[in-house]
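Student: Heads up: the sequence lines are chains G and Y, in that order. Those letters in the first sequence? Residues 80 to 242, per our numbering, in order. Those letters in the second sequence? Residues 330 to 604, per our numbering, in order. Note that beta-carbon positions come from the ideal geometry of N, C-alpha and C, so glycine has one too. Just dropping this structure here.
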Amino acid sequence: MESLVSIFHIDGKLFLAQLINFAIIFFVLYKFAFKPIAKIMQERTTTIEKSLDDAKAVAKKLAETGLEQTRVLNEAKKDALAIVEKANQAAEVNKQKLIEKTKLEVAAIMAGEKVKIAQEKEESLKEMKQEIAGLVILAVGKVIKEKMTDDKDKKLIAEIISR
Amino acid sequence: MSASAGSEQILHENTLYAEPVFHVGQFPITNSIISSWIVVLLVLVLAWSLRGKIKSVPRGLQNGLEMVFETFFGIFDSITGSRKRTLQFSPFVMAFFFFVLLNNWLGLFPGFGSIGQIVVEDGHKLFIPYLRGATADLNTTLALATIAVVVSHIAGVIAIGWWKYLNRFLNFKVLWEIPQKVIKEPTILLINPIKFFVGIIEIISELAKVASLSFRLFGNIFAGEVLLASMSAILAFGLPLPFMFLEVIVGLIQAIIFAILVLIYLHIATAAEEH
């Protein structure tokens, strides 16, 4: 031990001085470098982790919103289709009703016309019969040169025509 | 200066110890303590330049320090196994790293060991350099190793309590177990004395820790200085360059080894282990 001290010149005072040097280095590094930098590094880690989490949350929310959007859109489309369908049906019903009504009107008109035509025909037939009767009377009068009494005459003509 | 004195050889040797350049009272100011004061000054200046400049967005020196810290945190985590313990120990361990590293590298600067004064001692002319790498002086490395080991013991006592910690070295617990359990298991009569002696061996190993820490660092750095001096003596131009690079790497590696060993001692001392 003695030789160790003398060979390497171990000196209590120098030893102590180096202890103090190290202590200074330790405190200075700890106070001015290590502590603030470690703190900042920790804070940065926390911030970055938080940002990443936030970004993830935002992405998730976006995806959810997209899904919601499609869902709403699909629903709206369905609704629109339903509305159009309903409108079509209503229109169809209205059309049918209109057609029915028109048909009835037309039928009514046609029935009226038929009756009118039949009446006209009858009347014209009657007129024609009378005219023909007149003509026949004239012709027969001329032919037989003899006037018959009105009653006989008429009876005769009626018989001829109805034959 | 007389002719006979001029022809005398100036002794230019690498001493194992740091030579005192001058004395202040009883206090010898050695060349190694001057350079360690330079290191302290350097650290103070760097710390001063960092003051109030620690920002969330790192710049310059802070960037470099963060890189170093981050690298060390990774290494330390693999030793301590938890980031919490790493953060507890790292200020202390990194102080060792920076102090040793700066001293190692400062010793490589030109002027170290080459600029000095000539002193006449016992009729010989001795060359005494003004500056010497502080880690090439056993006083420095011994002081560092002593702090490391002492602090590891203090940390151990704080972490697991003084009684438990004392029992690691002077294992009274196992001695006390002998009369209690000897009837149930007689083998305890043989095992527990061995356990007690293992504890005593631990005391020796603690002393060995101081010796191994201090002599490893001192030996490596001193050998580097001798190597560089020898190479310069052979050919001063170019030849020492590769060795200079080697010494730069050695300085870094020794600083890392020192720091990591300190961390391991701290970790072992504070771990609540059971053999």
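Thinking C-beta only, is V539 (chain Y) closer than 7 Å to A474 (chain Y)?
Tutor: yes
Student: Does any C-beta atom of chain G lie closer than 7 Å to the C-beta of A376 (chain Y)?
Tutor: yes
Student: Can you tell me whether I89 (chain G) is helix, strand or coil according to DSSP?
Tutor: coil
Student: Is the segment 405 to 420 of chain Y touching the segment 549 to 566 of chain Y, taking contact as three or more C-beta pairs under 8 Å?
Tutor: no
Student: How far does the beta strand (DSSP E) with H352 (chain Y) in it reach, from first residue to last?
Tutor: P349 to V353
Student: Since F426 (chain Y) and A588 (chain Y) are thought to touch, with beta carbons under 8 Å apart, how far apart are those beta carbons, to the nearest angstrom?
Tutor: Indeed, because the Cβ distance is near 4 Å, the residues count as touching under 8 Å.
Student: Is DSSP giving K231 (chain G) helix, strand or coil here?
Tutor: helix
Student: Can you tell me the Cα-Cα spacing of S541 (chain Y) and V478 (chain Y), whole angstroms?
Tutor: Between S541 (chain Y) and V478 (chain Y), the alpha-carbon positions lie close to 11 Å from each other.
Student: Rounded to whole angstroms, what is the Cα-Cα separation between A134 (chain G) and S378 (chain Y)?
Tutor: 37 Å
Student: At a CB distance below 9 Å, what residues from the segment 118 to 129 of chain G approach chain Y? Give them in sequence order.
Tutor: K118, I119, M120, Q121, E122, R123 and T126
Student: Measuring CB atoms only, is the segment 547 to 555 of chain Y touching the segment 449 to 467 of chain Y, in the sense that at least three cross pairs come out at less than 8 Å?
Tutor: By the criterion of at least three beta-carbon pairs nearer than 8 Å, the segment 547 to 555 of chain Y is in contact with the segment 449 to 467 of chain Y.
Student: What runs of the alpha helix (DSSP H), each 4 residues or longer, lie entirely inside the segment 442 to 530 of chain Y?
Tutor: 467 to 489, 491 to 498 and 501 to 510
Student: What residues in its chain sit with their C-beta under 8 Å from that of R412 (chain Y), if we drop five residues either side in the sequence?
Tutor: Closer than 8 Å at Cβ, skipping near neighbours: F402 and D406.
Student: Are F456 (chain Y) and I444 (chain Y) close, meaning C-beta to C-beta below 7 Å?
Tutor: no
Student: Might you give, ordered along the chain, the residues of its own chain that have their beta carbon closer than 7 Å to the beta carbon of P349 (chain Y), omitting 5 neighbours on each side?
Tutor: P357, I358 and T359
Student: Taking the straight line between their C-alpha atoms, what separation do you get for I362 (chain Y) and D132 (chain G)?
Tutor: 53 Å
Student: Could you check what DSSP says for F356 (chain Y) in three-state terms: helix, strand or coil?
Tutor: strand
Student: For chain G, find out if any of its Cβ atoms is closer than 7 Å to the Cβ of N343 (chain Y); answer yes or no.
Tutor: no
Student: Does L204 (chain G) pass the burial test, meaning 16 or more other C-beta atoms within 10 Å, or should it be called exposed?
Tutor: exposed
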